[in-house]
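For the sequence shown, the residue numbers in my numbering are -4 to 193.
All C-beta atoms in this analysis are idealised placements derived from N, C-alpha and C, irrespective of residue type, glycine included.
For clarity, every value in this text was computed on a predicted model and none was experimentally measured.
Here the structure is laid out as structure tokens; the discussion comes afterwards.
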Amino acid sequence: MAKHFSTELEYWVNNTKHKTIASLNELADEKGFAILFLLLMSIPALPLPTGGVTHLFELIVMIICLELIIGRRSLWLPKKWQKRKLPKTIETKTIPFLIKIIRWFERYSRPRLAGLLKHRLFSPIIGLIVFGFTLGAFLAPPFSGLDTLPSLGVVFLSIGLILEDTAILLFGILVGLLGVLLEIGLSSIIVHQLSRLF
-4 MAKHFSTELE YWVNNTKHKT IASLNELADE KGFAILFLLL MSIPALPLPT
46 GGVTHLFELI VMIICLELII GRRSLWLPKK WQKRKLPKTI ETKTIPFLIK
96 IIRWFERYSR PRLAGLLKHR LFSPIIGLIV FGFTLGAFLA PPFSGLDTLP
146 SLGVVFLSIG LILEDTAILL FGILVGLLGV LLEIGLSSII VHQLSRLF
């Protein structure tokens, strides 16, 4: 599935009646965590106003990260969340856009250090990294756009996991780190300027 995941995702969009987290997880199989990271964090990765819906997605991602950190192999979410239908904009705009991006990566990617990705210690480490980036996106000031880079980091990292390409995964980690550092730096500057005023 890794090499042609875009085809699988396109089939899911066109043929699944109830597009929920549960049905997406069935598609995902062993890559469920990465696919949910990709889908849920693609919304805050867009530099657009989202009316606060991104915070719900970020909370779900952080819960999933905690499951990875404690060593769970299968996804657990409250049934109410699993059965919640994905917003129509995700179905009609976000997922088709993601399919194009994934197809581009599929043309150039190849398995790199795929064995490392299957190591038992790897999942908790990825859980910690994604948790950190997602928390950074969650804490970004509203309408600042500072949640974009940490979220993009998770998106690229997830594509690397799905395609089993460590190079893409490392690129995602670099983007996420840059975003978090930028957020910390700008926040400290703002706090310093405010403290001088008051």
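query	result
Would you say the segment 130 to 147 touches the segment 172 to 182, given that touching needs at least three Cβ pairs under 8 angstroms?	yes
Which residues bound the alpha helix (DSSP H) around PRO91?	90 to 103
Which of helix, strand or coil does DSSP assign to LYS80?	strand
Go ahead and label PRO39 buried or exposed: buried means 16 or more other beta carbons lie within 10 angstroms of its beta carbon, across all protein chains shown.	buried
List the endpoints of the continuous alpha helix (DSSP H) containing TRP7.	0 to 10
Quick check: VAL8 and ILE90, are their CB atoms within less than 7 angstroms of each other?	yes
Let me make sure I understand the geometry here. Which of LEU35, GLU5, LEU192, ARG67 has the alpha-carbon closest to that of ILE97?	GLU5
Hey, GLU178 and GLY131 are a contact pair by Cβ (cut 8 angstroms); roughly how many whole angstroms apart?	6 angstroms
Give me, in chain order, the residues of the same chain whose beta-carbon lies closer than 6 angstroms to that of VAL149; leave out the 5 immediate sequence neighbours on both sides.	PHE32, MET36, VAL125, PHE128
Grab the span of the alpha helix (DSSP H) containing LEU72 for me, first residue to last.	That residue, LEU72, is in no alpha helix (DSSP H); it is neither H nor E in DSSP.
Which class does ARG67 belong to by DSSP, given the choice of helix, strand or coil?	coil
If you measure between the beta carbons of LEU63 and PHE28, is that distance less than 7 angstroms?	yes
How would you label GLY140, buried or exposed, when you count the other beta carbons within 10 angstroms and need 16 or more for buried?	exposed
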